[in-house]
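Take a look at the structure below.
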Amino acid sequence: MSSGIFTTDTFVNAGWKKSKRYDTETVPDSTEIWYGFFQQKDIEIRFYPSHELAVSKGIPSAESSIESAVKRSKGGELLDFSGGSFSGYSAFLVAGNAVLLCELDRTHCDALIENLQ
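Using my numbering, the first residue of the sequence shown is number 3, and each one after it goes up by one.
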């Protein structure tokens, strides 16, 4: 999956339901950011021009988003919504040119990636 160039349609065809598009201004080098869900779990997908940029820019951005969510959490539960973006992500993965932020853990993100074939 590391060499694939994916679009929102790629994920929609795999069963992901896109819901809201976010501004890319706060996520350096991203080309699109979409909030949606798969199997009743929230998944935000950040697209980059290449796999290399998804790794070099997307991973630090995803880690920062997760760290910020944890700092805002109360009692170990991620409850905060900020700037219109769901902040309950506690895991992420990189697939091709996309970084997926996953609610609770990677289980549903992994299942979505498996559906891409």
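Using N, Cα and C, we set each Cβ at its ideal position, and we do this for glycine too.
What you are looking at is a predicted structure, and each value in this text was computed from that prediction instead of being measured.
Residue i versus residue j - alpha carbon distance
{"i": "GLU69", "j": "GLY90", "result": "10 Å"}
{"i": "CYS111", "j": "CYS104", "result": "6 Å"}
{"i": "LYS59", "j": "PRO30", "result": "7 Å"}
{"i": "ASP44", "j": "THR26", "result": "19 Å"}
{"i": "PHE88", "j": "SER67", "result": "Confidence is the limiting factor: at PHE88 the pLDDT is only 47, short of 50, which leaves the residue's position unreliable, though a coordinate-based value still follows. Distance between the alpha carbons of PHE88 and SER67: 10 Å."}
{"i": "PRO51", "j": "THR109", "result": "26 Å"}
Cutoff 7 Å; reference residue i; Cβ partners in own chain excluding five residues on either side
{"i": "ALA16", "result": "LEU114, ASN117 and LEU118"}
{"i": "ALA64", "result": "PHE94, VAL101 and LEU103"}
{"i": "THR12", "result": "LEU118"}
{"i": "VAL14", "result": "LYS20"}
Strand pairing of residue i, partner residues [DSSP]
{"i": "ALA97", "result": "ALA100"}
{"i": "ILE35", "result": "TYR24 and ARG48"}
{"i": "LYS43", "result": "PHE40"}
{"i": "LYS19", "result": "PHE39"}
{"i": "GLU69", "result": "Paired residues: none, contrary to the question."}
{"i": "GLU116", "result": "GLU116 pairs with nothing; no bridge assigned."}
{"i": "GLU105", "result": "TYR91"}
Proximal residues to residue i (C-beta, below 8 Å), its chain only, five neighbours per side dropped
{"i": "PHE8", "result": "PHE49, ALA97, GLY98, ASN99, ALA100 and LEU118"}
{"i": "SER21", "result": "TRP36, TYR37, GLY38 and PHE39"}
{"i": "VAL57", "result": "VAL96"}
{"i": "THR10", "result": "LYS20, GLU34, TRP36, ILE47 and PHE49"}
Any chain C beta carbon closer than 8 Å to residue i
{"i": "LEU103", "result": "Here chain C cannot be found, since the structure has a single protein chain."}
Selection from the options that minimises the alpha carbon distance to residue i
{"i": "LYS19", "options": "GLN41, ALA56 and GLU27", "result": "GLN41"}
{"i": "ARG23", "options": "PHE13, GLU34 and ASP11", "result": "GLU34"}
{"i": "GLY6", "options": "HIS53, THR28 and VAL14", "result": "HIS53"}
Cβ neighbours of residue i in the same chain (closer than 6 Å, five flanking residues each side left out)
{"i": "GLU46", "result": "TYR37 and LEU103"}
{"i": "LEU55", "result": "ASP31"}
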